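Shown next, in structure tokens, is the structure this report addresses.
2 protein chains.
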Amino acid sequence: MQVFSQPDELERYKYEAFASREGAIMAREERPTLRTLASLTGLAVATVSRALADDPQIAPDTRNRVMKAAREIGYSPDRAAQRLRTGRTNVIALVLNPHEEIIGYGSSMIGGITKALRGTSYHLVVMPNFADRSPMEQVENILRNKLADGVIISRTEPADLRIRLLLESGFPFISHGRTELATPHPFVDYDNTGFARAAAHRLIAAGARRPGMIPAPARFTFAQHLRTGFLRGCAESGVSGQVLEDITLDSSADTIYAAITSLIARDELPDGIVCPGETSAMAVYAACVDGGRADDCKLVMKSTSHVADLIRPRIDSIFEDLTEAGERMGKLLLRAIAGDPADQLFYLQPALPEGQQLLTEA
Amino acid sequence: MQVFSQPDELERYKYEAFASREGAIMAREERPTLRTLASLTGLAVATVSRALADDPQIAPDTRNRVMKAAREIGYSPDRAAQRLRTGRTNVIALVLNPHEEIIGYGSSMIGGITKALRGTSYHLVVMPNFADRSPMEQVENILRNKLADGVIISRTEPADLRIRLLLESGFPFISHGRTELATPHPFVDYDNTGFARAAAHRLIAAGARRPGMIPAPARFTFAQHLRTGFLRGCAESGVSGQVLEDITLDSSADTIYAAITSLIARDELPDGIVCPGETSAMAVYAACVDGGRADDCKLVMKSTSHVADLIRPRIDSIFEDLTEAGERMGKLLLRAIAGDPADQLFYLQPALPEGQQLLTEA
DNA sequence: ATCCATATTTATAACGTTTCAAATACGAGT
DNA sequence: ACTCGTATTTGAAACGTTATAAATATGGAT
């Protein structure tokens, strides 16, 4: 092997790289590899590799020399090669459901995850779910092709198939939302029970006596949480609450609008409605205004963006901080990948900020 | 090399895969590779590879045999290896600016891109910009590490450095937004000039005589488009429009709220405002309501989600279809990757739907 | 039978990394 | 000088794929 160890060899390399970049011929600008670095420093490829990996077996002196050269010629490892060799992808996959990409649900969560991953070697990759693919296939695909080192999924179901598959495969993941599976697994969840309960209390405090709630689609775990919280909140004040039918959080704005309009027509409009989403709240409000009943129906909504504060007249809202959830998920997932036991990797986000907690008994 | 060509060898493989998955020992479930397929069919690895690649040099008979076996044992190629060998990543990168991830700008675009990529071998990877990294570094990173085969960037500047770099490197990309660079490059853009002009017309038609507009940050190309369109629209009606100062589309809701409140205090509130974004429109409206001037200031907003239709009282809005933009970008980018000449790869999205076009001369 | 052109198949060498086991260098102790 | 233990470096193999060039099979014409 040709060995260049003269001190000015590195200078020459840098010059040539520059020249070839500027040159009229636009010579194929060769990407530096470990071999480049090896011949430049006069070391073996293996040594260079280990030096860059901070292997303690490498003399501090050579390590510095290698690091310096790497920096100077702008070396960066080929991820495909690393991945092939080690089987690690350095990728965290965020799997988005079709519905989520529309309303931007994932969007603010992304910021949080990104933050948690900063400084690590991990990249966040967002995998929007193709509409023609079930969420299950999406996860299967990640597993089969080893597209990531860890997965973040959301909108869990009590007996979530994706989670069963991930658990069975021993693949690191975290979910936004709980399940009812026996095996513990990492999760971050928002206290939707607490949210719905607090929301019911607020409605009642504002005078509602026949409050209603727009439910989440029944298949999701948090649908039950919402229902429980809402009914409990109502019961605690001796009021009977009613979960609206035929529509859910995920119904289109038009559908919700139509349903509320129909309730108004039949004179069955509740005098207060808990809306667990921004879009649904706005649709309800629009229908109330258009039906001339805006003053007869109090609203409490769950907001996930700060747009909620800008609505006039104000709609009472309780904020779910998805960015924080994202950051927590990122951090916990990293620990899951590192092998921490799953039964400690969870976080339940309180429905109301510190100090505003609802007391359990009045 | 050991060769298994007995017809029932495949059956045995399938059984063993099943057994090892179900087995108590949970044996390391080996992922099938080309080698597996080769020994199963009794062919050479190279033959298998080419058969799967539909190489015409392979006998139709063997091709079918290989395909069948591959399907049966659930073979799927290792993307890392393919990538290392071919240099192709099969990835399209969508680079999001920090601001975009907050307001969900990218979110609806993602659906469109995904749609355009469906059925191809490409995956969409969303790369949120780390706040501590300039957009430029983001692109540099993709180039250096060859993280994708094509890039989608948005929010262009007239002399966009990222685009210059991409052009110089001959790297396939498309931008959402135009530049003023001499070299043509693929882009999709919304006719912001047309939008602002139509918006001005609508304000004036609604009675405004001193209309204003919230500008986009001056560095972006479309800031100029908005300005031109707005001023032209005003001039066409013999009215003098005024671009608001100290705030932009990207200012926080609080800042915009404060600025409008201050205008009200100084009694300088325009009698109509063009808001090129949903959040800014809601902030303006909130400030007007809170300042008791809601009826004195007409609004026209640009909306990118259908939430706009739900605001009560209604705010006049013009819809920019980001999903369509995303789909166009995806398709054009694929053509750019295929080598189509750049000067034909562009699309200017009309500001108003067919039939609602503004006539150029009144 | 023999030869040649064509149709198929195959061995081999990469791609850039990491890791294992083996080799070498370096001192200290004799 | 010699041995030995430790510190450091290294060669070679492997990860799964594709591309090149060479090898082999096939079949028709002689």
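Chains as they are written, first to last, in our numbering: chain A, 681 to 1042; chain B, 681 to 1042.
All C-beta atoms in this analysis are idealised placements derived from N, C-alpha and C, irrespective of residue type, glycine included.
Remember, it's a predicted structure, so these values are computed and weren't measured experimentally.
Cβ neighbours of A:Ile-790 in the same chain (closer than 8 Å, five flanking residues each side left out): Leu-774, Leu-804, Val-806, Gly-1006
Endpoints, the alpha helix (DSSP H) within which B:Lys-1011 is located: Residues 1002-1018.
Closer than 7 Å at the beta carbon, the chain B residues around A:Leu-965: Position check: residue 965 of chain A holds Tyr in this sequence, whereas Leu was assumed. Per Cβ cutoff of 7 Å: Arg-992.
Rounded C-alpha distance that separates A:Arg-842 from A:Gly-1010: 19 Å
Rounded straight-line distance, which links the Cα of B:Glu-820 to that of B:Ile-782: Any answer about B:Ile-782 is weak, because its pLDDT of 42 lies below 50 and its placement is not dependable; what the coordinates show is given next. Taking the straight line joining both Cα atoms gives about 23 Å.
Pair within 9 Å by beta-carbon distance, B:Arg-835 and B:Phe-910: no
CB contact check: A:Glu-1007 to chain B, cutoff 9 Å: For A:Glu-1007, no CB of chain B lies under 9 Å from its own CB, so it is not counted at the interface with that chain.
The alpha helix (DSSP H) enclosing B:Ile-944, as first and last residue numbers: DSSP places B:Ile-944 in the uninterrupted alpha helix (DSSP H) bounded by 933-945.
is_contact[A:Asn-872, chain B] using C-beta, thresh 9 Å: Judged by the 9 Å Cβ criterion, A:Asn-872 is not in contact with chain B.
Sequence-distant residues of its chain with Cβ nearer than 7 Å to A:Phe-999 (five each side left out): For A:Phe-999, same chain residues with a beta-carbon under 7 Å away, outside a window of 5 residues either side, are Ser-983 in chain order.
Contacts around B:Ala-1016, its chain only, beta-carbon distance under 8 Å, and the 5 residues preceding and following it disregarded: Gly-830, Pro-852, Phe-853, Ile-854, Pro-866, Ala-1022, Leu-1025
Chain A residues whose Cβ lies nearer than 7 Å to that of B:Ser-834: In chain order: nothing, as chain A lies at least about 14 Å away.
Length of the line joining the Cα atoms of A:Val-954 and B:Asp-947: Cα-Cα distance, rounded: 39 Å.
Coarse secondary structure for B:Gly-830, derived from DSSP in three states: strand
Proximal residues, the region 922-933 of chain A versus chain B, C-beta separation under 8 Å: Ala-933
Reduced DSSP category for B:Phe-910 - H, G, I as helix; E, B as strand; rest coil: Shown here, B:Phe-910 sits in a helix according to DSSP, grouped into three states.
Run of the alpha helix (DSSP H) containing A:Ile-995, from where it starts to where it stops: Looking at the DSSP string, A:Ile-995 is not in any alpha helix (DSSP H), and its letter there is neither H nor E.
Cut-off 6 Å between Cβ atoms - residues of its own chain near A:Glu-1034, not counting five sequence neighbours on either side: Cβ neighbours of A:Glu-1034 beyond the five flanking positions: none.
Limits of the beta strand (DSSP E) - the one that A:Asp-1067 falls within: Look at the range of chain A in this structure, 681 to 1042, and you will see that residue 1067 of chain A is not part of it.
Environment of B:Met-816 [buried if 16+ CB atoms lie within 10 Å]: When all chains shown are included, B:Met-816 counts as exposed.
A:Leu-883 to B:Ile-822 span [Cα, whole Å]: Taking C-alpha positions only, A:Leu-883 is separated from B:Ile-822 by approximately 51 Å.
Three-state secondary structure assigned by DSSP to A:Pro-808: strand
Distance, B:Val-868 Cα to B:Leu-846 Cα: Between B:Leu-846 and B:Val-868, the alpha-carbon positions lie close to 16 Å from each other.
A:His-881 (DSSP reduced to helix, strand or coil): helix
Identity of the residue in A:Gly-913, A:Asp-871, A:Pro-897 nearest A:Ala-888 by Cα: A:Gly-913
Environment of B:Ile-705 [buried if 16+ CB atoms lie within 10 Å]: Low local confidence applies: a pLDDT of 36 at B:Ile-705 is under 50, so the model's placement there is unreliable, and no value is given.
Element boundaries [alpha helix (DSSP H), containing B:Ala-731]: Counted as a single uninterrupted DSSP element, the alpha helix (DSSP H) harbouring B:Ala-731 occupies residues 725-732.
Rounded Cβ spacing between B:Arg-907 and B:Pro-895 (contact assumed at less than 8 Å): Correct: roughly 6 Å between the Cβ atoms.
Proximal chain B residues relative to A:His-986, where beta-carbon distance stays under 7 Å: Ala-933
Delimiting residues of the beta strand (DSSP E) encompassing A:Ala-773: 771-776
Beta-carbon spacing of B:Gly-952, B:Cys-968 below 9 Å: no
Cβ pair B:Ser-917, B:His-881 closer than 9 Å: yes
Contacts that B:Thr-959 makes with chain A (C-beta to C-beta distance below 9 Å): Ser-985, His-986, Val-987, Leu-990
Neighbour-count burial assignment, B:Pro-950, 16 or more Cβ in a 10 Å radius: buried
For A:Asp-970, the first and last residue of its enclosing alpha helix (DSSP H): Start and end: 958-970.
Contacts that A:Asn-825 makes with chain B (C-beta to C-beta distance below 7 Å): Ser-756, Arg-759
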